[in-house]
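Taking it in order: structure first as structure tokens, then the write-up.
Protein chains: 2
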Amino acid sequence: MNKITIKMLAKELRLSVSTVSKAISDSHEISPQTKLRVNEMATKLNYVPNHFASSLGTGNSKTIGVVIPEVVDSFFAQAINGIEAVAVEKGYHVMIYLTHENFEKEKTILKDFESGRVDGVLLSVSRETTKTAHINELMKKGVPLVFFDRVINEIATTKITTNDYEMAYKATNHLVKKGCQQILFLSFSNLLSISNKRLDGYKNALQDNGIEISDLNILHFKNDPKKDYLLLKNKLKLPNRADGILASVEKFAFTIYQACEALQLSIPTDVQVISFSNLEAASFMNPPLTTIAQPAFEMGKTAATILMKALARKKSEIAEEDIILPSAFVVRKSTRV
Amino acid sequence: MNKITIKMLAKELRLSVSTVSKAISDSHEISPQTKLRVNEMATKLNYVPNHFASSLGTGNSKTIGVVIPEVVDSFFAQAINGIEAVAVEKGYHVMIYLTHENFEKEKTILKDFESGRVDGVLLSVSRETTKTAHINELMKKGVPLVFFDRVINEIATTKITTNDYEMAYKATNHLVKKGCQQILFLSFSNLLSISNKRLDGYKNALQDNGIEISDLNILHFKNDPKKDYLLLKNKLKLPNRADGILASVEKFAFTIYQACEALQLSIPTDVQVISFSNLEAASFMNPPLTTIAQPAFEMGKTAATILMKALARKKSEIAEEDIILPSAFVVRKSTRV
DNA sequence: TTGAAAGCGCTAACAG
DNA sequence: CTGTTAGCGCTTTCAA
């Protein structure tokens, strides 16, 4: 009942190990008959190739590493589906690593990848990531890497993002057109380009509408629900409180709804709300949430496809390229008609 | 700039490979000084151990496989967090595999595990899984396996579940007490014990309340949102339509809300709704959704802990045991006060 | 306490 | 088309 190896198959079939190995990998230099014999014996004896041995030999693992900050988030969960779809189709395995927004964890994970554990990586950096040495090191070792969503611009590789700037601009503009004068921007990081692009979109929209930009209206959330909640609540208590909010991350929407409820502020009458969000629940919220919905599945799929192509070429270099997949602006009832 | 190996460290230090190997794994048979020297050189040269080589040698991979039907689901996403928390702490890596509710995929994945790619597995079966040969095969090869949430009772190992029967009973009873007479049960599988337990809870609650059980009220959803939507909508159009619904899976709640909206049925006035759900959005829905919230994180954590313990013991056998972590019944406004 | 050598299971030249 | 052989990088007896 124990593990059966190529060697055993070979003995059983009175063939050499290499013949069996080649037959199994369907090499052209093996006759159809032997291939058949080998495969029959393999299934008969229930042979399962040892992945580590072949990886050691060939130097590649047929697995890709996906490094993301969090999995309880519709965007990342959907992106995983996209990644997985193309990986599985190409015979690749997927290892998912969570940084929990922690830079040290991200470093540890990428460091481990240097051993060749994965053939390539798909990365969406943590909110704390500013240093890039760990990424450069990995790429220098010949491990191709593609960014998605949360990218580092300084690193020369392909980056899959969505039109963050435009969507933030559009959303902010929408809020202004619907009458907002004091719009809050909820940021999840003051370090990441994605966050700053969204912030810039917000700022420029205000500017173009002749509204003064106030740093007091830019809230840097701490990834700590309780503190963030209090921060926001205090902000909404002020005499001339905000009348619009743009959230840069899905989960912030809950914080907003909660705070408004606590303060008896009506959405959208008192405060209008828009959030970057892929939540399926958005349509069923009270009120239905106006969202910027990112093409999560597509982004994952595209990132994985680019990586697979590089892997197929056996070249670790990946073109420095920005692929921007547009998000959808879905107007619902958390903003006025 | 290329991969550096133990051999290179050895040469550099004028030591043998084995000494270096032992030093790195902190073996007691190596002197403190050499350990120090080795470690210094290792970090200096930026040595990263080759995971495949060590796995080939030792026969274990220090990684666990997590097989789940879906990742865009709060329950599974949260469970992953629980699993990951304990795995990382114990120095294990986590590979996540999605079956997308497809039995064949599940089989392929477990088959691949027979090669020793993972040291142990955490499994939540697909909605189609009735045969168990693939699981038995894997376990026979000495790969320990722990079930969580969607278990197979016939297989002798530890199973982490929640009190599905009681919660379904409680929820159904609640609906009856609040005046429902025609309660729909939305099932995601007629094969899985978890689904049947929930169904039994529903049935027994009806029975205990003297309400006739009708097969017409048990809807077997097909994992196809559109069809499921139409099925439900038709059901809600009937002259003596249902006045209560119990959904056995989070995403069904959306189908319900959507159908009610389309038919202009008010929740909870016309139809009262309860769903098994871990959605954070539940409180913010319109109306807020009464839920049965499973201890997802805890379940993942417990499953992983049990597995880690077995792995530490180097024994692949895991006690046949049922660990039941209670869910919370959270009453909100989708049921009457 | 350190070293030599065999081997984990498979792949990949190179010969035959 | 098939076989021989030498590794891949690390672990692990067994000697020294």
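Line by line, the protein sequences are chains A and B. Each step along the first sequence adds one to the number in the numbering used here, with nothing skipped, and position 110 is 110. Just add 1000 to wherever you are in the second sequence, counting from 1, and you've got the numbering used here. Where is the CB? At the ideal position from N, CA and C, for every residue including glycine. None of these values were measured; they are calculated from a predicted model.
Neighbour list for residue i in chain B, Cβ cutoff strictly below 9 Å
i        : result
GLU154/A : Near GLU154/A there are no residues of chain B at all, since even the closest Cβ is about 20 Å away, more than 9 Å.
HIS78/A  : Residue 78/A is actually Gln in this sequence, not His. What GLN78/A touches in chain B: VAL1071, VAL1072.
GLU89/A  : Within 9 Å Cβ-Cβ: nothing; GLU89/A doesn't reach chain B, min ~12 Å.
HIS134/A : The premise fails here: HIS134/A is roughly 11 Å from chain B at the closest Cβ pair, so nothing lies under 9 Å.
Chain-ordered chain A contacts of residue i [CB-CB under 7 Å]
i         : result
ARG1332/B : Ordered by position in chain A, no residue passes the 7 Å Cβ test against ARG1332/B, which lies about 11 Å from the chain.
LYS1111/B : VAL48
ARG1117/B : HIS51
TYR1257/B : PHE284
Short CB-CB distance (under 8 Å) between residue i and chain B
i        : result
LYS3/A   : yes
LYS141/A : yes
MET8/A   : no
PHE254/A : yes
GLU29/A  : no
MET95/A  : yes
GLU84/A  : yes
ILE267/A : no
Continuous alpha helix (DSSP H) stretch holding residue i: start and end
i         : result
LEU1110/B : 1103–1112
VAL330/A  : Unbroken run through VAL330/A is the beta strand (DSSP E), 328–330; no alpha helix (DSSP H).
ILE194/A  : 193–208
LYS6/A    : At residue 6/A the sequence reads Ile, which differs from the Lys that was named. Run containing ILE6/A: 6–13, per the alpha helix (DSSP H) assignment.
Contact list for residue i against chain B, beta-carbon separation under 8 Å
i       : result
SER55/A : PHE1052
Bridge partners - residue i, DSSP secondary structure assignment
i         : result
ILE183/A  : GLY244/A
ASP26/A   : Looking at the DSSP assignment, ASP26/A forms no beta bridge with any residue, so it has no partner.
ASP1322/B : LYS1159/B
Chain A contact for residue i (CB, 8 Å cutoff)
i         : result
ILE946/B  : Coverage of chain B is limited to positions 1001 through 1337, which leaves residue 946/B absent and any answer about it impossible.
LEU1219/B : no
ASN1039/B : no
ALA1281/B : yes
LEU1098/B : yes
ASN1081/B : yes
ILE1324/B : no
Interface residues of chain A facing residue i [CB-CB closer than 9 Å]
i         : result
GLU1114/B : LYS3, ASN46, VAL48
Host beta strand (DSSP E) of residue i (start-end)
i       : result
VAL66/A : 63–68
Contacts of residue i in chain A (Cβ-Cβ under 8 Å)
i         : result
ASN1223/B : What ASN1223/B touches in chain A: nothing, since even the nearest Cβ is about 14 Å away.
heavy atom of the ligand GDP below 7 Å from residue i C-beta
i         : result
PHE1185/B : Within the structure as shown, the ligand GDP is missing, as the structure has no ligands at all.
Give, in chain order, every unbroken run of the beta strand (DSSP E) that is at least 3 residues long and sits entirely within the region 210–254 of chain A.
-> Whole beta strand (DSSP E) segments, 3+ residues: 218–220, 244–247.
Fully enclosed by the region 1273–1308 of chain B, which beta strand (DSSP E) runs are 3 residues long or longer?
-> 1290–1293
At 3 residues or longer, and completely inside the region 93–170 of chain A: list those beta strand (DSSP E) runs for me, N to C.
-> 93–98, 120–123, 145–148, 158–162
Counting only runs of 3+ residues fully inside the region 36–89 of chain A, write out the beta strand (DSSP E) ranges in chain order.
-> The qualifying runs are 63–68.
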